[in-house]
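J.:
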Amino acid sequence: MQPVADRDVELFRRGISPTSKCLIGLSVACALVALDGRRQWTETARAELQRGLAPIQQLVALPWRSGEQSLQYLTLQQDLLRRVDQLEAENDRLRIEARNIDLLQQENSVLRQLQDLPTEGLALRRAVQLVQRGRDGASQRFLINAGSLEGLRPGLALVAPDGVVGQVIAVDAHSAQVALLSDQGQATPVQIARNSLRAVLVGEGLPNRASLRFLANNADVKPGDQLLTSGLDGVYPPGMPVATVLTVERDSQSDFAIVACRPSAATETRRHFVVVEPSAPAPADGPAP
Amino acid sequence: MNTLSNPDRRGRRHGGSGLLVTLSVVVAFFIDLAPLPASLDLIRPDLTLLVLLFWSTRTYSPANVGTSWFAGLFKDIAMLTPLGLHAGVYCLGSWGGLMLRRRLEQLPLATEMVLVFVLLVLTFALQWSVGHLIDDRPLVEAELLSPLLGTLLWPLVRVLLAPLEQRLLPSSASD
Numbered sequence: 003m004q005p006v007a008d009r010d011v012e013l014f015r016r017g018i019s020p021t022s023k024c025l026i027g028l029s030v031a032c033a034l035v036a037l038d039g040r041r042q043w044t045e046t047a048r049a050e051l052q053r054g055l056a057p058i059q060q061l062v063a064l065p066w067r068s069g070e071q072s073l074q075y076l077t078l079q080q081d082l083l084r085r086v087d088q089l090e091a092e093n094d095r096l097r098i099e100a101r102n103i104d105l106l107q108q109e110n111s112v113l114r115q116l117q118d119l120p121t122e123g124l125a126l127r128r129a130v131q132l133v134q135r136g137r138d139g140a141s142q143r144f145l146i147n148a149g150s151l152e153g154l155r156p157g158l159a160l161v162a163p164d165g166v167v168g169q170v171i172a173v174d175a176h177s178a179q180v181a182l183l184s185d186q187g188q189a190t191p192v193q194i195a196r197n198s199l200r201a202v203l204v205g206e207g208l209p210n211r212a213s214l215r216f217l218a219n220n221a222d223v224k225p226g227d228q229l230l231t232s233g234l235d236g237v238y239p240p241g242m243p244v245a246t247v248l249t250v251e252r253d254s255q256s257d258f259a260i261v262a263c264r265p266s267a268a269t270e271t272r273r274h275f276v277v278v279e280p281s282a283p284a285p286a287d288g289p290a291p
Numbered sequence: 136m137n138t139l140s141n142p143d144r145r146g147r148r149h150g151g152s153g154l155l156v157t158l159s160v161v162v163a164f165f166i167d168l169a170p171l172p173a174s175l176d177l178i179r180p181d182l183t184l185l186v187l188l189f190w191s192t193r194t195y196s197p198a199n200v201g202t203s204w205f206a207g208l209f210k211d212i213a214m215l216t217p218l219g220l221h222a223g224v225y226c227l228g229s230w231g232g233l234m235l236r237r238r239l240e241q242l243p244l245a246t247e248m249v250l251v252f253v254l255l256v257l258t259f260a261l262q263w264s265v266g267h268l269i270d271d272r273p274l275v276e277a278e279l280l281s282p283l284l285g286t287l288l289w290p291l292v293r294v295l296l297a298p299l300e301q302r303l304l305p306s307s308a309s310d
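Chains as they are written, first to last, in my numbering: chain A, 3 to 291; chain B, 136 to 310.
#1: With DSSP collapsed to three states, give me the class of histidine 1 of chain A.
#2: How long is the line joining the alpha carbons of arginine 211 of chain A and aspartate 87 of chain A, rounded to whole angstroms?
#3: Looking at the secondary structure, which residues open and close the alpha helix (DSSP H) in which alanine 79 of chain B lies?
#4: Against threonine 44 of chain A, what residues of chain B qualify as contacts under a CB-to-CB distance less than 9 Å, listed in chain order?
#5: By alpha-carbon positions, which one of B:Gln301, B:Phe252 and B:Leu218 ends up nearest to leucine 279 of chain B?
#6: Hey, does leucine 187 of chain B have any beta-carbon neighbour from chain A nearer than 9 Å?
#7: With a 10 Å radius around its C-beta and 16 neighbouring C-beta atoms as the bar for buried, classify leucine 271 of chain B as buried or exposed.
#8: Could you give the DSSP three-state label for isoleucine 18 of chain A: helix, strand or coil?
#9: Below 7 Å CB to CB, which residues in the same chain sit around arginine 67 of chain A once its five sequence neighbours on both sides are set aside?
#10: If we ignore side chains and look at the alpha-carbon of each, how far apart do leucine 168 of chain B and lysine 210 of chain B end up?
#11: For chain B, find out if any of its Cβ atoms is closer than 9 Å to the Cβ of valine 20 of chain A; answer yes or no.
#12: Tell me whether glutamate 90 of chain A is buried or exposed, calling it buried when 16 or more other Cβ atoms sit within 10 Å of its Cβ.
#13: Return the CA-CA distance between glycine 223 of chain B and alanine 31 of chain A, expressed in angstroms with no decimal places.
#14: Got a sec: which bits of the stretch 170-187 of chain A sit with their beta carbon under 7 Å from any beta carbon on chain B, in order along the chain?
#15: Within a Cβ cutoff of 8 Å, which residues of the same chain sit near proline 291 of chain A, ignoring the five residues on either side of it in sequence?
#16: Pop quiz: leucine 187 of chain B and alanine 173 of chain B are said to be a contact at Cβ under 8 Å. What is the actual Cβ separation, rounded to whole angstroms?
#17: Using C-beta distances below 8 Å, list every residue in its chain close to alanine 241 of chain A, excluding the 5 sequence neighbours before and after it, in chain order.
#18: Let me confirm a value: isoleucine 77 of chain B is counted as buried when at least 16 other C-beta atoms fall within 10 Å, else exposed. Which label applies?
#19: One question on the structure: do glutamate 251 of chain A and alanine 259 of chain A come within less than 9 Å of each other, judged by their Cβ atoms?
#20: With a cut-off of 9 Å, does the C-beta of glycine 315 of chain A fall near any C-beta of chain B?
#21: Using only CA atoms, which one of A:Ala268, A:Ala36, A:Ser22 and A:Trp43 lies nearest to glycine 201 of chain B?
#22: State the beta-bridge partners of valine 204 of chain A as determined by DSSP.
#23: In the structure shown, what three-state DSSP assignment does proline 57 of chain A receive?
#24: Which one or two residues does DSSP pair with phenylalanine 144 of chain A in a beta bridge?
#25: From which residue to which residue does the alpha helix (DSSP H) around alanine 245 of chain B run?
#26: Is it true that the CB of glycine 228 of chain B sits closer than 9 Å to the CB of threonine 258 of chain B?
#27: Please tell me whether histidine 274 of chain A has its Cβ less than 9 Å away from any Cβ of chain B.
#28: Kindly confirm or deny that the stretch 89-103 of chain A and the stretch 203-217 of chain B touch, where touching means at least three C-beta pairs closer than 8 Å.
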């Protein structure tokens, strides 16, 4: 038992008790959670603090990236040579396809002009690299190493060679936040490649999980169907691979089918992406003479 | 020991050691930021919380609820989680640790690990519940392994931080 005088002095010396501090901390935390995303100043504060942390995050990721690169250097030479052969063959094939695509685009452009339609295309903005992956279960988001000073703005699309990745939702000076297709509530207008049936792909908040919403129970959709962007939202260029249908459940009690899908882009293994935007429609000059 | 007779009880005279405590939290924070495959990310134990728990349960540690709150806020910014989510959880976890201070040091390691497991499960449940309330966050079964792995890491955290803890001890206590 401490002497009374000591207890009194200790009471004053201690200041606020841990329980009071905890209650104050919890109250402020609750207020921040409630206000986050709903007030401009919380977004500004987050952006400012994120700006300070971004270089540190890149620095922290550096040893891991270097480790990965070192492992890559240790890959057997034969594997590398085989891969070079494969890539050269792939490159030749792509060159030929690119020539065909150029011809098709020219032809398409002429046909659209003939039909008085706007010319749609794809404007590449810049290649970007993944900096940090979001860890909140429902938040399928990540941070990339380019921001407003590199020409990025909210609404731009992020794509990879294997398909659409997601959408830029917030930008800072040198970094930007991207919501993946699988992010909770992220909606993407799509169409089924097989029959052009239009639908909306909505993220489930889990890695590589999305579903088609509001698709009638008798809609013509089946497992294995490829989904492409319809381009109707003006965010994603039309015709890009989005996802593959995994399962289709038709319940007679429900008006809508439950269609589970897997996004096409391998976001878990890929680090480099390209930011694109649908190019502005070229003014139609009217039918060619 | 009369705590008043020892002005070093809260580590205020150990400026350098206090800095070491902060540094240990920062290092744990950086390790938490290190990129891992998404499948491993789900079960990754929260090392920052473990280190904060360790310091909050140590008698001579200067780390307190405020330290944990700010560490949590930085975690929210870095992890793109709602502002205040980690701050609140760390604050509560640290408070739980403070309530167990001294008692925990006298318990055998196994009992200590059980208590740490309970604290980690509670903080995980709180974090998931708030996330679920905010944006309907689904529960991924693999995530449930995170508190368990955190508990298994506890002895390692203790061993790694013990030298720093020794530096916090006032000369009268360490003698």
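In this text, a Cβ means the ideal position worked out from N, Cα and C, and glycines have one as well.
T.: From the atom records:
#1: Examination of residue 1 of chain A is not possible in this model, given that chain A is present from 3 through 291 alone.
#2: 35 Å
#3: No statement about residue 79 of chain B is possible, as the shown extent of chain B runs from 136 to 310 and does not include it.
#4: The contacting residues are Leu218.
#5: For the residues B:Gln301, B:Phe252 and B:Leu218, the minimum Cα distance to leucine 279 of chain B belongs to B:Phe252.
#6: Not closer than 9 Å to any Cβ of chain A, the Cβ of leucine 187 of chain B fails to qualify, so no.
#7: The question names leucine, but residue 271 of chain B in the sequence shown is aspartate. Burial call: exposed.
#8: coil
#9: none
#10: 9 Å
#11: First, the amino acid is wrong: residue 20 of chain A is proline here, not valine. Yes - at least one Cβ of chain B is within 9 Å of the one on proline 20 of chain A.
#12: exposed
#13: 5 Å
#14: Gln179 and Gln186
#15: Residue placement at proline 291 of chain A cannot be trusted, given a pLDDT of 36 that sits under 50; what the coordinates show is reported in the next sentence. Taken in chain order, the list of residues that qualify is empty.
#16: Their Cβ separation, rounded to whole angstroms, is 25 Å, which puts leucine 187 of chain B and alanine 173 of chain B out of contact at 8 Å.
#17: Contrary to the premise, residue 241 of chain A reads as glycine rather than alanine in this sequence. The answer, listed in chain order, is Leu230, Thr231 and Gly233.
#18: The displayed coordinates of chain B run from 136 to 310. Any statement about residue 77 of chain B would go beyond what the structure contains.
#19: yes
#20: Because residue 315 of chain A is not part of the residues shown, which for chain A are 3 to 291, the question remains open.
#21: A:Ser22
#22: A:Ala189 and A:Ser213
#23: helix
#24: Phenylalanine 144 of chain A is bridged to A:Arg135 and A:Val180.
#25: Unbroken alpha helix (DSSP H) run through alanine 245 of chain B: 244-270.
#26: yes
#27: Cβ-Cβ to chain B under 9 Å: no for histidine 274 of chain A.
#28: no
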